[in-house]
Amino acid sequence: MRIFITGGAGFVGSHLAEAELAAGHNITVLDLSDEKIKHLLNHPRLKFIRGSILDEPLINKLIERADLVYHLAAIADPHLYCNNPLKVLEVDLEGSQLIMKLAHRHLKKLVFSSTSEIYGKNPKVPWKENDDRLLGATEKMRWSYSSIKSVCEHYLFAYAQKGLKMTICRFFNFYGPRLDFLGQGRVISCFLERFLTGKPVQIVKPGNQTRCFTFISDGIDGLRKAAHLPKAEGQVFNLGTNRETTMIQLAQLIKRLGGFKSKIVFIPAEKKYGKGYDDIPRRVPNIQKAKKILRWEPTTSLEDGLKQTIEYYRMFYQKNRHES
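Numbering (numbering that gives the first Met the number 0), first residue to last: 0 to 323.
Here you go:
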């Protein structure tokens, strides 16, 4: 099978490319950087193309040649969608609209990476795929990412009525090796940068907000099942663990597993993300649908996943420190 992955050199994309190569498929990756797939660049069945999802002639050609399209390319950094929302709107919305239009034009199956952000602040957890959404004010740029992904889902269901084969997967805090560059992006890579450098680890107040962290190998397994099972077409799936972890518990667990010495301190959200941030108290998936249709559920404990992640970033940090 010929598979096209937008954002295929990112965190999820690089692990997905590995898994699809291992399954014997031919992979074309589009991304702005090859940083996270350098180890795959010499593989005979992988082709890397440096480019933008806003380049319509290029995207048209790549989708036309593919049998299956994974659309992963997106800006998913809270700092960026709070402080540069126009860039997020351009890439995440306009780019996705182009991907959907061309997948429909060429009659290609499309697997779309959505997000747990879809549910917003709905206090009724765990969330089922058809639960209501509760978002904050539009002046809070923190909700731009959630809104964009929900609009894309509406587009996908509308295209499905016109014949597009599609599946939507909502990721719940995937983590693991190659997550982000140290100190950037999501919470685990931010915590690890502080731990590895001995700086105080900053937790956004109050610290009892929870997330459900899903190890990347489990997430990729669910994503691939959603992509390759015909009965998953036209469906949306939560992909995540239902183990709820507070930010305080996460920081303490990383500190213990890594043998780190940094102090843990608390900061206001505005100091971390700027004025446009509005937090989500709890984020927990109901995964009964994925269990029933995909025969999928995560199997990696948070402890085991964090050990692998800490080891990767410890080696990454030591290597970069020696090279500099």
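The beta-carbon is built from N, C-alpha and C at its ideal position, and this holds for glycine as well. Computed from a prediction, not measured in an experiment: that's the story for all the values here.
- L133 carries a strand assignment under DSSP once its states are collapsed to helix, strand and coil.
- By DSSP's assignment, F236 forms a beta bridge with C168.
- Between the C-alpha atoms of F173 and I279 there is a straight-line separation of about 17 Å.
- Burial of M99 is indicated by the presence of at least 16 other C-beta atoms within 10 angstroms of its C-beta.
- Within the stretch 190 to 268, the complete beta strand (DSSP E) segments at least 3 residues long are 200 to 203, 235 to 238 and 263 to 266, listed from N- to C-terminus.
- Per DSSP, reduced to three states, the secondary structure at I286 is coil, with no helix or strand assignment.
- Using a C-beta cut-off of 8 Å, the stretch 151 to 159 makes contact with the stretch 102 to 118, since at least three inter-stretch Cβ pairs fall below that distance.
- Listed in chain order, the non-local C-beta contacts of G9 below 6 Å within the same chain number zero, local neighbours out to five positions each way being set aside.
- If only uninterrupted alpha helix (DSSP H) runs of at least 4 residues are considered, those enclosed by the stretch 53 to 128 are 55 to 64, 77 to 82, 84 to 87 and 94 to 104.
- Here D303 carries a helix assignment [DSSP, helix/strand/coil].
- Around the C-beta of A136, fewer than 16 other C-beta atoms lie within 10 Å, and the residue is accordingly described as exposed.
- Here P297 is buried, its C-beta having at least 16 other C-beta atoms within 10 Å.
- For T27, the closest of R49, H38 and C151 by C-alpha to C-alpha distance is R49.
- In this structure, DSSP gives L45 an extended state, which the three-state scheme calls strand.
- A direct Cα-Cα distance of roughly 40 Å separates K164 from E310.
- Contact check between the stretch 31 to 50 and the stretch 230 to 238: fewer than three CB pairs, one atom from each, fall below 8 Å, which does not count as touching.
- The C-alpha of L252 lies about 33 Å from the C-alpha of D91.
- With fewer than 16 other Cβ atoms from the protein chains shown falling within 10 Å of its own Cβ, M314 counts as exposed.
- The three-state reading of DSSP puts F156 in helix, counting H, G and I together.
- Counting along the chain, L15 sits inside the alpha helix (DSSP H) bounded by residues F10 to A21.
- K37 counts as exposed, since fewer than 16 other beta carbons sit within 10 angstroms of its beta carbon.
- With 16 or more neighbouring CB atoms inside 10 Å of its own CB, S149 falls in the buried class.
- Excluding sequence positions up to five before and after L97, its CB lies within less than 8 Å of the CB of I52, L53, E55 and I58, all in the same chain and listed in chain order.
- For K260, the closest of T196, I202, Q307 and A22 by C-alpha to C-alpha distance is T196.
- Here L29 is bridged, per DSSP, to T5 and I48.
- The beta carbon of H78 sits closer than 7 Å to the beta carbons of Y272 from its chain, once the five residues preceding and following it are set aside; these are given in chain order.
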